[in-house]
Structures are given as C-alpha cells and as structure tokens.
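Comments concern the structure below.
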Amino acid sequence: MTDTSTPDSSVAEATSAPESTPAGAEETKKTETVASDSDLFRQSEIAADYVEGLLDILDYDGDIDELVSAGRPMVEVVGGRLQPLVGQRGATLEALQELTRLAIFRATGSPSRLLLDIGGYRASRRKELAAVARNAVEKVKEHGDPVRLEPMSAFERKCVHDVVNAITGVQSESEGVEPNRRIVVRAAD
C-alpha cells in the first residue's frame, strides 16, 4: 500500500518564498532549489513506476515514457481506453498528477513539479487554449473591454498566459480563488 498523506506543514513552509530576501541569499536559494537533470530524471522514473502500478491495479494498458522537458520531470502515458484516467476537463488527470507528486515527495523528500499527461490530453488542450487566448485577444483589441475567461486549472491558466504574453498590446492576469480562478485579458497599460 502506498502512503498518500500530504507533506507536513514544515515542508510547505520551506518551499514558500520569503517576503524579503537579501540579494546574496536569493542567489544561494536559487542554486539550492534548482534540481539537476539527473534529479529530475529520477523524479520522472519514480513517477513512471507509480503510474505503472496504478495502471496494473486498474487493469489498463499503456506505454509510459519518462523524460525531462523545460526543466521539469514529465511522464506521458499513451494507449487506448485511457479516457477515464483523464476525466471530465482533465479533473482525474490533475488528481492523478497530485498523487504522483506525493509519491515522488515520499521517495525523495523534495516537492516535485512533475507534469503528467495521459493520452495526449495536455497537448490537445494546450492547442485549444491557444485558440481561446487568441480569440480573447482579438475581442480586447476590437472592443477595448477586458475579457474574463472561464475558470481554469493552473496548467490551463499558464497555457493562456503564455500565449497572451507573447502578443503586444495586451496583458493577462489571474483573479479569484481555486477552483474558480480565472484569467482576465485586457489592453496593456
């Protein structure tokens, strides 16, 4: 049986940034928190083993790829009949990702920024969100009024922010609290 308890608050406190830090201490903190590629790959291996165990328990077939991309560990599961593991709007996928991050934390003692993708959901959702972001930008440029998008997960908001921030004349910001946190796109000041 796998322990899925949440990390104690001392770990959460240790990973949150202090309000003010001297410049030298900030530099030291960055070098301490940046994981090496081998550490990141180790995290993806732990995650792949954990996900493989879940697939075995659920009697699902899937090929698992572990990799490191853009400075974060990733696990991709590909195969048929995986939609139930994604769930409605990726809700089950997000939950599985959090459980997998906890498994990494239990094995390493360090929090992880693991990105889990099942059945290519994140790649296709990223394309959909790019279209949503461009549409919002067009509305803002045409009418000048801010556009509030539907509530989104952190992954989805990041995808939209990335697209909007690459376009001049507009800006985006998140507002609200989870699970109703959303993006507002408006003309740049």
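Plus 34 on top of the position in the sequence shown (first one is 1) and you've got our numbering. Here a beta-carbon is modelled for each residue, glycine too, at the ideal position from N, C-alpha and C. Keep in mind that this is a model prediction, so the values were computed, not measured.
Cross-strand partners of residue i (DSSP beta bridge)
i             : result
glutamate 209 : Arg216
proline 185   : Answer is none; proline 185 lacks a bridge partner.
valine 120    : None; valine 120 has no bridge partner.
valine 204    : Ala221
Range covered by the beta strand (DSSP E) that runs through residue i
i              : result
isoleucine 138 : Counting along the chain, isoleucine 138 falls outside any beta strand (DSSP E), though it belongs to the alpha helix (DSSP H) covering 125-142.
arginine 106   : 106-112
Local conformation of residue i per DSSP, three classes
i             : result
aspartate 93  : coil
aspartate 151 : strand
alanine 222   : coil
alanine 59    : Confidence at alanine 59 is low in this model, with a pLDDT of 42, below 50, so the placement of that residue is unreliable and no value is reported for it.
serine 70     : coil
aspartate 99  : strand
serine 146    : coil
arginine 168  : helix
aspartate 83  : helix
aspartate 179 : coil
arginine 159  : helix
arginine 115  : coil
Rounded straight-line distance, which links the Cα of residue j to that of residue i
i                : j             : result
arginine 106     : leucine 74    : 6 Å
cysteine 193     : leucine 92    : 30 Å
glycine 121      : threonine 134 : 16 Å
glutamate 86     : alanine 167   : 35 Å
arginine 220     : glutamine 205 : 6 Å
glycine 113      : glycine 96    : 5 Å
leucine 148      : threonine 202 : 31 Å
glycine 153      : isoleucine 80 : 20 Å
aspartate 83     : alanine 200   : 37 Å
aspartate 196    : alanine 104   : 14 Å
phenylalanine 78 : glutamate 176 : First, the residue type needs correcting, since residue 78 is serine and not phenylalanine in the sequence shown. About 44 Å.
glutamate 212    : aspartate 71  : 31 Å
Neighbourhood of residue i by C-beta distance below 7 Å, restricted to the same chain and skipping five residues each side
i             : result
arginine 182  : Arg216 and Val218
leucine 163   : Glu190, Cys193 and Val194
glutamate 128 : Ser187
Neighbourhood of residue i by C-beta, 6 Å cutoff - its chain only, sequence neighbours within 5 removed
i            : result
aspartate 99 : Glu110
proline 180  : Val218 and Arg220
Closer than 7 Å: residue i CB and nearest the ligand SAH heavy atom
i          : result
valine 109 : Absent from the structure shown: the ligand SAH. Ligands present: none.
Cut-off 8 Å between Cβ atoms - residues of its own chain near residue i, not counting five sequence neighbours on either side
i           : result
alanine 141 : Ile80
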